[in-house]
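Numbering (the working numbering), first residue to last: 1 to 187. For glycine and all other residues, C-beta sits at the position ideal for the given N, C-alpha and C. Since the structure is predicted, the reported quantities are computational estimates derived from the model, not experimental observations. For reference, the structure discussed in these notes is given below.
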């Protein structure tokens with residue numbers, strides 16, 4: 001009935017104190033591979049206690065993260081072999097599959113090559129369209145030049161005939177004795 005007779009439930013245990021049941025309390029396993037938010041249920045929290053802890057899966061560690069890692073680490077050509085061995089051993093020690101990363105890199109390379117090919121095809125199509133439009137522009141410029149030339153000639157003809165018609169028409173209006181219009185104006 002005293003203070004020491006009372007047994008605390010595991011939920012009442014203060015994590016900073018060591019009381020009865022301290023070592024029996026649930027321990028949360030934290031994966032360093034993928035940060036989890038408070039909203040996401042943890043898969044390892046639902047696992048039965050009797051199963052031993054499994055190594056972390058490396059499904060979310062691919063070539064993109066490997067590229068980020070390689071960018072952050074200083075590299076020199078004279079220690080390339082040591083560099084890649086240390087990287088490989090470090091990744092393997094965290095249960096990350098290096099062959100899996102290589103497979104992911106192969107897939108990414110195929111996708112990049114496919115996209116590059118599509119863009120090159122697009123460029124060829126655009127260049128063909130550009131050539132068609134350049135030819136059309138040349139045709140339109142030729143037509144424009146010809147139209148401008150014919151228009152200028154017709155305007156010149158109008159001006160010349162207007163000058164000839166005005167002097168011939170002017171004397172008959174001023175002289176009332178004229179019997180008819182001049183022959184040049186009768187066209």
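Neighbour-count burial assignment, residue i, 16 or more Cβ in a 10 Å radius
i	result
residue 119	exposed
residue 96	buried
residue 69	exposed
residue 91	buried
residue 124	exposed
residue 79	exposed
residue 151	exposed
residue 146	exposed
Cβ distance (whole Å) where residue i is taken to contact residue j below 8 Å
i	j	result
residue 63	residue 105	4 Å
residue 98	residue 88	5 Å
Test item: CB-CB of residue i and residue j under 8 Å
i	j	result
residue 61	residue 102	no
Residue range of the unbroken alpha helix (DSSP H) whose run includes residue i
i	result
residue 73	That residue, residue 73, is in no alpha helix (DSSP H); it is neither H nor E in DSSP.
residue 97	Premise fails: residue 97 is in no alpha helix (DSSP H) and is neither H nor E.
C-beta neighbour in chain D for residue i, strict 8 Å
i	result
residue 150	Going by chain labels, chain D is absent from the structure shown, which holds only one protein chain.
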